[in-house]
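Numbering (our numbering), first residue to last: 27 to 368. Ideal placement from N, C-alpha and C gives every residue a C-beta, glycine not left out.
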């Protein structure tokens, strides 16, 4: 009789403890967003893999995921300023602009390093063989983007004034349309629209990869709104984990990735495979080294790139003031990546 009562008491006590523990866990559980909005560029990178495979949904069950396609760095800055996205991606020039303007964002990870996936295409009939040949011509680039920055940088290095030519601010899709109409002689933008111009009487003049070799690297960094990071820190880590898995998939499954890129961008498989070679994906653990993001307390080379980028933009009167390395260090927050790769 005593044995039976003890067992009954133990079972009741254990059940109560488990119930209480579950209640305590639910009370202390991290807050969960109902939905998130991801702004992404129509660019050949691993974000398309993450999107296609539903990896963010995998790490955020029960959360509604909304993707919005953004035309370029300038458009992404406007979307951030209007609080239309929770997560986005910016190249180093728009990042420098955004930080200088005090936009409420922080850098989370390296989305990609830019090579031949971005390039300047010139019309063969325009007979453009040197930088000097651009004088009097009409050129297009999305203002505030990495390609606009590199165009201005290349012209500066060549000693040519931008005012000696007509430079138009057009989104990639609008550049493709302007090229097809014959309205422009050259354009610096990115795949997949870049390839349309090459196949329609164009040839590559210089790539963003060529500019990196000259000491001007360009990249895209993932950003999160400060308000979202403060309210849902656990979900920032989940987001970064999803993107890291997409990067790993890109690196380890090139053939399957090419099929995904082809589907997402309506490309042929050979074109998707070729374009992938122009974008470098950096494993997330490698991103925490001194060349890239760095670690908490020891921010890496990306901060130096932002300083140099902003110096040039200030000299071109594209930015009103020059920020210090500490300003850009404050923008880069490696903690999300550090937690994601544990």
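Best match in the options for proximity to residue i [C-alpha to C-alpha]
i	options	result
residue 353	72, 124, 62, 247	124
residue 314	328, 174, 68, 209	328
residue 193	209, 185, 199	209
residue 91	265, 83, 98	83
residue 251	134, 67, 238, 80	134
residue 67	215, 179, 158, 274	215
residue 316	306, 330, 301	330
residue 161	169, 201, 184, 171	184
residue 128	366, 368, 345	345
residue 337	118, 307, 87, 362	118
residue 149	282, 224, 71, 324	224
residue 426	335, 85, 350	In the structure displayed, the chain extends from 27 to 368; residue 426 sits before or after that span and is not available.
residue 301	319, 318, 254, 280	280
residue 58	85, 81, 71, 80	85
residue 56	145, 282, 255, 341	255
residue 122	367, 360, 340	340
residue 126	347, 362, 359	347
residue 111	147, 62, 211	62
residue 181	355, 156, 197	156
residue 295	64, 70, 60	70
residue 1	97, 64, 179	Nothing about residue 1 can be read from this structure; the chain reaches only from 27 to 368.
residue 260	153, 227, 364	364
residue 97	89, 88, 109, 115	115
residue 326	131, 130, 136	136
residue 360	351, 310, 206, 343	310
residue 89	258, 312, 297, 212	258
residue 305	324, 320, 289, 284	284
residue 144	321, 342, 235, 274	235
residue 324	293, 298, 351	351
residue 318	94, 355, 349, 253	355
residue 93	349, 298, 367, 290	290
Start and end residues, beta strand (DSSP E) containing residue i
i	result
residue 192	192-195
residue 167	164-167
residue 67	61-67
Host alpha helix (DSSP H) of residue i (start-end)
i	result
residue 356	351-357
residue 293	That residue, residue 293, is in no alpha helix (DSSP H); it is neither H nor E in DSSP.
residue 396	With the chain covering 27 to 368 only, the question about residue 396 has no answer from this structure.
residue 362	361-366
residue 184	Looking at the DSSP string, residue 184 is not in any alpha helix (DSSP H), and its letter there is neither H nor E.
residue 74	73-78
Those residues which DSSP pairs with residue i across a bridge
i	result
residue 320	325
residue 300	In DSSP, residue 300 forms no bridge with anything.
residue 149	228
residue 305	140
The ligand ATP heavy atom lying under 8 Å from the CB of residue i
i	result
residue 126	Looking at this structure, you won't find the ligand ATP or any other ligand, since it has none at all.
Chain B contact for residue i (CB, 9 Å cutoff)
i	result
residue 349	Of the chains in the structure shown, none is chain B; there is only one protein chain.
Counting only runs of 3+ residues fully inside the segment 82-143, write out the beta strand (DSSP E) ranges in chain order.
For the segment 82-143, whole beta strand (DSSP E) runs of length 3 or above, ordered along the chain, are 90-96, 113-117, 131-140.
Which whole runs of the beta strand (DSSP E) in the segment 203-279 are 3 residues long or more, in chain order?
Under the rule that a run must span 3 or more residues, the beta strand (DSSP E) segments found entirely inside the segment 203-279 read 212-216, 228-233, 245-251.
Counting Cβ pairs, one atom from each stretch, are 3 or more of them under 8 Å apart for the segment 135-142 and the segment 151-167?
No: fewer than three Cβ pairs fall under 8 Å.
Counting pairs of beta carbons, one from the segment 212-229 and one from the segment 101-108, are three or more of them closer than 8 Å?
Counting Cβ pairs under 8 Å, fewer than three are found: no touch.
How about the segment 266-283 and the segment 61-76: do they share at least three Cβ pairs that are nearer than 8 Å?
With the rule of 3 Cβ pairs closer than 8 Å, the segment 266-283 counts as touching the segment 61-76.
Segment contact flag, the segment 245-261 with the segment 222-231, C-beta cutoff 8 Å, min 3 pairs:
No contact exists between the segment 245-261 and the segment 222-231.
Could you check whether the segment 253-266 touches the segment 168-182, counting it as contact only if at least three pairs of C-beta atoms, one from each stretch, sit closer than 8 Å?
Contact annotation: the segment 253-266 does not touch the segment 168-182, with fewer than three C-beta pairs closer than 8 Å.
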